[in-house]
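Okay, structure first, notes after.
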Amino acid sequence: MKVKINFIACLFLILGSSAFSQVKSISPGEEFTKIKVSTGLFVEIITNSDESKIDIKGSEKDNVNVDIKNGELELSLPVGQLFSEAEILVTVYTRKVEELKARSGSEVEFKNKVQQEELSLIASEGSYIGGVIEVKNLAVRTVTGASVSLVGFANNQSISLKTGASYDGKNLETENTSISVSYGGEAIVFSTDSCSANVTAGGSIDIYGNPSSISQNVKLGGNIHLIEE
């Protein structure tokens, strides 16, 4: 996650120049608890906010599509700008996020600690999600080269990785973990009470925390390592 944070910091310096000094601010006027980010956008999320607001910086700020349907905020660029090199930074202020989806090379970070009961994270197509959390139940689904990196605490976590995806949860302390990795996925988890780990058709799982109960299953290649500290 350190590399990603440094990249976002560099983007801040770029956006801090006079060319990017203006901010487009949108007050949607309705609540949302789900967020979907696509087409390579860089997004920061600030939870526990008193109001719902979206701030957009960058030379192409007017091209960012902002839509809310059924409690889900969707942020995207037009299809023709999928591979645009324009620097755009979106900051989302919201009360809480129950579900976050990132796809198509987007990078999303929680800028403050997420403290709530439930959190679902879905990353695909080379996207990235990172942040500090403190939740009761965490669900992560990552596919096609996407990555998720989390720090903090969760009572229970359920992880699914496929097709070259990765998950770094070494610094996310959990009590109970269930994880499934297939087709070249790589994961690091930390669990103290129980861990159910499954690898299918290639992939690896490193388990930290010395869990009291461990269930391991490997089919058609792959590795599960218990790391004792």
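Per this note's numbering, the sequence shown runs over residues 726 to 954. Glycine residues also receive a C-beta, built at the ideal position from the N, C-alpha and C atoms.
Backbone CA spacing between residue i and residue j [nearest angstrom]
{"i": "Met870", "j": "Gly805", "result": "Per the sequence presented here, residue 870 reads as Gly, with Met not at that position. The alpha-carbon atoms of Gly870 and Gly805 are separated by roughly 22 Å."}
{"i": "Thr764", "j": "Ser937", "result": "42 Å"}
{"i": "Met726", "j": "Tyr892", "result": "Here Met726 scores only 42 on pLDDT, less than 50, and its place in the model is too uncertain to base an answer on."}
{"i": "Glu954", "j": "Gly934", "result": "8 Å"}
{"i": "Val822", "j": "Gly910", "result": "26 Å"}
{"i": "Thr758", "j": "Lys782", "result": "23 Å"}
{"i": "Lys826", "j": "Lys761", "result": "5 Å"}
{"i": "Ile952", "j": "Ile930", "result": "10 Å"}
{"i": "Ile751", "j": "Gly855", "result": "24 Å"}
{"i": "Thr819", "j": "Val833", "result": "14 Å"}
{"i": "Val748", "j": "Gly877", "result": "32 Å"}
{"i": "Leu897", "j": "Ser874", "result": "9 Å"}
{"i": "Gly928", "j": "Gly894", "result": "16 Å"}
{"i": "Pro753", "j": "His950", "result": "47 Å"}
{"i": "Asn880", "j": "Ala926", "result": "29 Å"}
{"i": "Ala864", "j": "Ile858", "result": "12 Å"}
{"i": "Glu776", "j": "Leu844", "result": "20 Å"}
Terminal residues of the beta strand (DSSP E) in which residue i lies
{"i": "Val924", "result": "910–925"}
{"i": "Thr867", "result": "853–867"}
{"i": "Asp893", "result": "891–907"}
{"i": "Gln747", "result": "Gln747 -> no beta strand (DSSP E), and no H or E assigned at all."}
{"i": "Ala848", "result": "839–848"}
{"i": "Ala871", "result": "Element bounds for Ala871: n/a, residue is neither H nor E."}
{"i": "Val822", "result": "Val822 -> no beta strand (DSSP E), and no H or E assigned at all."}
{"i": "Val943", "result": "938–944"}
{"i": "Asp780", "result": "778–783"}
{"i": "Glu769", "result": "767–771"}
Any C-beta of chain D under 9 Å from that of residue i
{"i": "Ser891", "result": "Here chain D cannot be found, since the structure has a single protein chain."}
Cβ-Cβ separation, residue j to residue i (assumed contact under 8 Å), whole Å
{"i": "Ser831", "j": "Ser852", "result": "5 Å"}
With 16 other Cβ atoms within 10 Å as the buried cut-off, status of residue i
{"i": "Gly796", "result": "exposed"}
{"i": "Glu769", "result": "buried"}
{"i": "Leu694", "result": "Residue 694 lies beyond the stretch modelled for the chain, which goes from 726 to 954, so this question has no answer here."}
{"i": "Lys794", "result": "exposed"}
{"i": "Ala940", "result": "What sits at residue 940 in the sequence shown is Ser, not Ala. It counts as exposed."}
{"i": "Asn948", "result": "exposed"}
{"i": "Asn923", "result": "buried"}
{"i": "Asn731", "result": "Confidence at Asn731 is low in this model, with a pLDDT of 48, below 50, so its placement is unreliable and no value can be given for it."}
Own chain residues within Cβ distance below 6 Å of residue i, not counting five before or after
{"i": "Asp792", "result": "Glu799"}
{"i": "Thr902", "result": "Gln882, Val914, Ser916, Cys920"}
{"i": "Ile847", "result": "Lys826, Arg866"}
{"i": "Glu850", "result": "Arg828, Ser829, Thr869"}
{"i": "Thr842", "result": "The amino acid occupying residue 842 in the given sequence is Glu; Thr does not appear at that position. Lys861, listed in sequence order."}
{"i": "Ala744", "result": "At Ala744 the pLDDT is 47, less than 50, meaning the model places this residue with poor confidence; the figure from the coordinates comes in the next sentence. Within the same chain, Ala744 has no close Cβ partners at all."}
Contact set for residue i: own chain, Cβ-Cβ below 7 Å, skip 5 residues either direction
{"i": "Lys836", "result": "Glu769, Ile770, Ile771"}
{"i": "Asn942", "result": "Asn923"}
{"i": "Glu755", "result": "Ile793"}
Cβ-based neighbour list, residue i, same chain, cut-off 8 Å, excluding 5 preceding and 5 following
{"i": "Asp918", "result": "Glu900, Asn901, Pro936, Ser937, Ser938"}
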